[in-house]
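Have a look at the structure below, then the notes.
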Amino acid sequence: MELNILKEVSIKEIPSGSGITQLNGNYYAIGDDSPFLFTLNDDFKIINQIQLIETANTNKRISKPEKPDFETLELINDDEIIIFGSGSKSPERDLFLRVLLKDSMVVERYHLTEFYKNLKRLPLMQDSELNIEATAFHKNQIFLFNRKKNLIFQFDYNKLLQYLKGEIEFPIPQVYSFNLPKINNIESGFSGATILKSTSKIIFTASVENTNNAYDDGEILGSFIGMIDLSNNTISNSFDFCEIPQGKSKLKIESVAIEKENSTGNTSLILIADDDQGSSIFVKCSLIW
Numbered sequence: 050m051e052l053n054i055l056k057e058v059s060i061k062e063i064p065s066g067s068g069i070t071q072l073n074g075n076y077y078a079i080g081d082d083s084p085f086l087f088t089l090n091d092d093f094k095i096i097n098q099i100q101l102i103e104t105a106n107t108n109k110r111i112s113k114p115e116k117p118d119f120e121t122l123e124l125i126n127d128d129e130i131i132i133f134g135s136g137s138k139s140p141e142r143d144l145f146l147r148v149l150l151k152d153s154m155v156v157e158r159y160h161l162t163e164f165y166k167n168l169k170r171l172p173l174m175q176d177s178e179l180n181i182e183a184t185a186f187h188k189n190q191i192f193l194f195n196r197k198k199n200l201i202f203q204f205d206y207n208k209l210l211q212y213l214k215g216e217i218e219f220p221i222p223q224v225y226s227f228n229l230p231k232i233n234n235i236e237s238g239f240s241g242a243t244i245l246k247s248t249s250k251i252i253f254t255a256s257v258e259n260t261n262n263a264y265d266d267g268e269i270l271g272s273f274i275g276m277i278d279l280s281n282n283t284i285s286n287s288f289d290f291c292e293i294p295q296g297k298s299k300l301k302i303e304s305v306a307i308e309k310e311n312s313t314g315n316t317s318l319i320l321i322a323d324d325d326q327g328s329s330i331f332v333k334c335s336l337i338w
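Numbering (the working numbering), first residue to last: 50 to 338.
Given below as structure tokens:
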């Protein structure tokens with residue numbers, strides 16, 4: 050597996066980039082301390098933004114103690130975008146948004162405090178912090194990626210929505226655990242994910258920070274990209290990966306989107322990175338495997 054960086058674009062107007070997806074030639078992006086969902090054209094120019102939550106600082110970054118920590122963004126069936134708060138601080142980060150892509154975007158909001166409490170009670174979450182960093186969607190299954198202990202929770206998406214609407218009890222997920230590659234003996238943690246539909250594979254990103262908890266930032270040491278087979282909607286227990294080359298600086302890759310599936314074993318990707326200085330970096334690249 051090899052990743053080649055083709056282009057980097059820094060955008061100050063999008064703070065702390067954390068999630069990205071692509072639809073019909075446009076990109077949709079979020080920042081973990083921004084109240085907006087941004088739409089960009091294929092030249093990475095902002096062409097629209099909608100406010101996701103009410104905040105007193107609509108033109109600035111939301112302060113760390115108050116931010117919703119939107120870390121995940123994924124496209125569902127080409128007609129909705131979903132966004133999860135990380136859950137690393139309650140209740141500020143216990144939020145789930147559905148952005149319905151109708152003639153005008155409609156935002157549905159759900160509080161996740163009870164949902165996240167149920168996740169924390171799962172056996173594999175013992176002695177771990179909750180920090181949901183990525184989502185992927187495939188054949189009505191939604192996969193939530195927890196950075197600590199590198200866990201993946203698998204839910205039926207319809208049942209998850211029924212639960213959040215108060216219609217059914219908490220649906221017990223399938224849970225998968227991974228050991229990810231290290232830098233300087235520090236294990237990387239899931240940071241982004243999406244689906245390569247043509248081959249039923251999860252493409253994920255994982256980054257390494259020199260920090261010992263889910264709340265504080267640390268020195269950026271580097272990032273990886275990897276692939277997990279998803280045949281029959283069952284997650285493989287093995288994966289392929291490579292380290293993401295460093296561009297102008299060490300990149301803290303936060304998420305990944307498919308730009309184009311060129312051919313078998315060759316895909317164009319867009320990565321989004323947080324420079325921890327208040328800006329976002331968009332990275333156009335090619336993945337060969």
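Just so it is clear, CB atoms sit at the ideal spot from N, CA and C, and this is done for glycine as well.
Extent of the continuous alpha helix (DSSP H) to which residue i belongs
| i | result |
| --- | --- |
| Glu115 | Here Glu115 belongs to no alpha helix (DSSP H), and DSSP marks it neither H nor E. |
| Glu163 | Thr162 to Lys169 |
| Lys208 | Tyr206 to Leu213 |
Beta-carbon proximity list for residue i, same chain, < 6 Å, skipping 5 on both sides
| i | result |
| --- | --- |
| Lys301 | Ser256, Ile269, Ala322 and Asp323 |
| Asn282 | Lys188 and Gln190 |
| Ile99 | Leu86 and Met154 |
Minimum C-alpha distance to residue i - residue among the options
| i | options | result |
| --- | --- | --- |
| Asn311 | Val305, Leu336 and Ser226 | Leu336 |
| Asp128 | Leu55, Lys169, Asn167 and Tyr77 | Tyr77 |
| His160 | Asp82, Val148, Leu171 and Arg142 | Arg142 |
| Arg147 | Asn282, Asn73 and Leu209 | Leu209 |
| Glu123 | Phe145, Ser139, Ala105 and Glu103 | Phe145 |
| Leu168 | Asn53, Leu318 and Pro222 | Pro222 |
| Asp205 | Phe227, Leu193, Lys197 and Pro230 | Leu193 |
| Ile125 | Phe87, Ala185 and Asp81 | Ala185 |
| Gly241 | Phe288, Asn195, Lys231 and Pro220 | Asn195 |
| Ser112 | Asn90, Gly80 and Ile293 | Gly80 |
| Ile284 | Lys116, His187, Ser247 and Leu149 | His187 |
| Phe253 | Pro294, Phe239, Ser247 and Asn261 | Phe239 |
| Ser298 | Glu157, Asp325, Ile277 and Phe119 | Asp325 |
| Val156 | Phe85, Val332 and Pro64 | Phe85 |
| Glu308 | Phe288, Cys334 and Pro294 | Cys334 |
| Met31 | Asn286, Phe87, Val224 and Gly327 | No answer is possible for residue 31: it lies beyond the span of the chain, which begins at 50 and ends at 338. |
| Glu258 | Gln71, Gly271 and Ser247 | Gly271 |
| Asn228 | Asp82, Phe288 and Lys151 | Phe288 |
| Leu149 | Asp118, Leu101, Glu163 and Glu115 | Leu101 |
| Lys166 | Arg158, Val332, Phe119 and Pro220 | Pro220 |
Host beta strand (DSSP E) of residue i (start-end)
| i | result |
| --- | --- |
| Lys151 | Run containing Lys151: none; DSSP gives neither H nor E here. |
| Asn315 | Asn315 to Asp323 |
| Glu129 | Glu129 to Gly134 |
| Asn311 | Ile302 to Ser312 |
| Gly241 | Gly238 to Leu245 |
| Leu86 | Phe85 to Leu89 |
| Asn219 | What sits at residue 219 in the sequence shown is Phe, not Asn. Taken as a continuous stretch (DSSP letters only), Phe219 belongs to no beta strand (DSSP E), as it is neither H nor E. |
| Ser272 | Glu268 to Asp278 |
| Lys197 | Unbroken run through Lys197: none, as it is neither H nor E. |
| Lys56 | Glu51 to Ile60 |
| Ala78 | Asn75 to Gly80 |
| Phe331 | Ser329 to Ile337 |
| Gln71 | Gly66 to Leu72 |
| Phe288 | Phe288 to Glu292 |
| Thr121 | Phe119 to Ile125 |
| Gln326 | No beta strand (DSSP E) contains Gln326, which DSSP labels as neither H nor E. |
| Ser137 | Here Ser137 belongs to no beta strand (DSSP E), and DSSP marks it neither H nor E. |
| Lys250 | Lys250 to Asn259 |
| Glu182 | Ile181 to His187 |
| Asn97 | Ile95 to Gln100 |
Per-residue burial, residue i [other beta carbons within 10 Å of its own, 16 or more giving buried]
| i | result |
| --- | --- |
| Gln190 | buried |
| Ala306 | buried |
| Ile96 | exposed |
| Ser329 | buried |
| Gly74 | exposed |
| Lys250 | buried |
| Glu49 | The structure shown does not extend to residue 49, since the chain spans only 50 to 338, so no value can be given for it. |
| Asp92 | exposed |
| Pro140 | exposed |
| Glu303 | buried |
| Ser83 | buried |
| Lys116 | buried |
| Gln71 | buried |
Own chain residues within Cβ distance below 7 Å of residue i, not counting five before or after
| i | result |
| --- | --- |
| Ser226 | Leu173, Lys198, Asn199 and Leu200 |
| Thr121 | Gly68, Ile132, Phe133, Ile181, Glu182, Ala183 and Thr184 |
| Phe290 | Met50, Pro230, Phe273, Ile274 and Gly275 |
| Ile244 | Ala185, Phe186, His187 and Ile251 |
Cut-off 8 Å between Cβ atoms - residues of its own chain near residue i, not counting five sequence neighbours on either side
| i | result |
| --- | --- |
| Gly314 | Ile337 and Trp338 |
(message) Taking 8 Å as the cut-off, does the stretch 225-241 touch the stretch 205-216 (at least 3 CB pairs, one atom from each stretch)?
(response) no
(message) Under 8 Å, with one C-beta from each stretch per pair, do the stretch 173-187 and the stretch 128-138 reach the 3-pair mark?
(response) yes
(request) Could you tell me whether the stretch 169-178 touches the stretch 51-66, where touching means 3 or more Cβ pairs closer than 8 Å? (result) no
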